[in-house]
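Heads up: the sequence shown begins at 1419 in the numbering used here, then just goes up one per residue.
Beta carbons are placed, not taken as given, at the ideal position from N, Cα and C, and that holds for glycine.
To start, the structure under review is shown below, and the notes come after it.
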Amino acid sequence: MKRLFTLVAIILAGSVSPVFGQDSVTGQYEYMNFCAGCHGIAADGKGPLVTFFKQPVPDLTVLAKANDGEFPFLKTMMIIDGRTGIRGHGGTMPIWGDTFAAEAVEKAGVYGAETIARGRLLSLVEYLATVQQD
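Now the structure itself:
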């Protein structure tokens, strides 16, 4: 079942990539609007809202380093999406997949909204891959 889910996620990610995921500027925009408040402009876990949390906010620049030098693309996408049962930060992180899909319903309808939401998630994760420390 896990393999099937991974395969479906890769296929879906690949299907929206040419349309939505090419521009890292889009991912950076999504990051600055939705993530920087907690994770910081430099993605180092030092955003202006960290004082409101009991747990430290993760440094997103070391995801690859913590994963044997390989950026955990699919896992990162699933954590940010939040609708798959994987919960980052002990469950306190917003469910961005729902947010992105809800925002897109007006533009693309119920069925098109999911494609737009996946594209936004993909752009965001592609941006995070570019800010990894060596």
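Exercise. Which same chain residues, not among the five before or five after F1489, have their C-beta less than 8 Å away from its C-beta?
Worked result: The count along the sequence shown starts at 1 and reaches residue 1489 at position 71. L1481, A1482, L1546, A1547, Q1550, listed in sequence order.
For this session: Thinking L1492 and F1518 are a contact (beta carbons under 8 Å), I'd like their distance in whole angstroms, please.
Result: On the sequence shown, position 74 is the one that residue 1492 refers to. On the sequence shown, position 100 is the one that residue 1518 refers to. With a contact defined as Cβ atoms closer than 8 Å, L1492 and F1518 miss out at about 17 Å.
Exercise. Between A1522 and the rest of its own chain, which residues show a CB-CB distance below 6 Å, the 5 nearest in sequence each way excluded?
Worked result: Stepping through the sequence shown from its first residue, residue 1522 is reached at position 104. The beta carbon of A1522 lies closer than 6 Å to those of A1531, I1534, A1535 in the same chain, with the five residues before and after it left out.
Problem set entry | Length of the line joining the Cα atoms of N1451 and G1465 | As a working note, residue 1451 is residue 33 in the sequence shown. As a working note, residue 1465 is residue 47 in the sequence shown. A direct Cα-to-Cα measurement between N1451 and G1465 gives close to 12 Å.
Exercise. If we count the other Cβ atoms within 10 Å of its Cβ and call it buried at 16 or more, is Y1529 buried or exposed?
Worked result: The sequence position of residue 1529 within the sequence shown is 111, counting from 1. Y1529 comes out exposed.
For this session: Along the alpha helix (DSSP H) that carries L1540, what are the first and last residues, could you check?
Result: For this step, residue 1540 is matched to residue 122 along the sequence shown. Looking at the DSSP string, the run of the alpha helix (DSSP H) that includes L1540 is 1514–1548.
For this session: Assuming L1542 and G1463 form a contact by the criterion Cβ under 8 Å, report the distance between their Cβ atoms to the nearest whole angstrom.
Result: Start at 1 with the first residue of the sequence shown, and residue 1542 comes out as number 124. Start at 1 with the first residue of the sequence shown, and residue 1463 comes out as number 45. In this structure L1542 does not touch G1463 by the C-beta definition: roughly 17 Å separates them, more than the 8 Å allowed.
Exercise. Would D1486 be called buried (16 or more neighbouring beta carbons within 10 Å of its own) or exposed?
Worked result: For the purposes of this step, residue 1486 is taken as residue 68 along the sequence shown, with counting starting at 1. With fewer than 16 other Cβ atoms within 10 Å, it is exposed.
Exercise. With 16 other CB atoms within 10 Å as the buried threshold, where does V1475 fall?
Worked result: Counted from its first residue, the sequence shown places residue 1475 at position 57. V1475 counts as buried, since no fewer than 16 other beta carbons sit within 10 angstroms of its beta carbon.
Exercise. Mind checking T1469: buried by the 16 CB within 10 Å criterion, or exposed?
Worked result: Translated into positions along the sequence shown, residue 1469 becomes position 51. Its Cβ having fewer than 16 others within 10 Å, T1469 is exposed.
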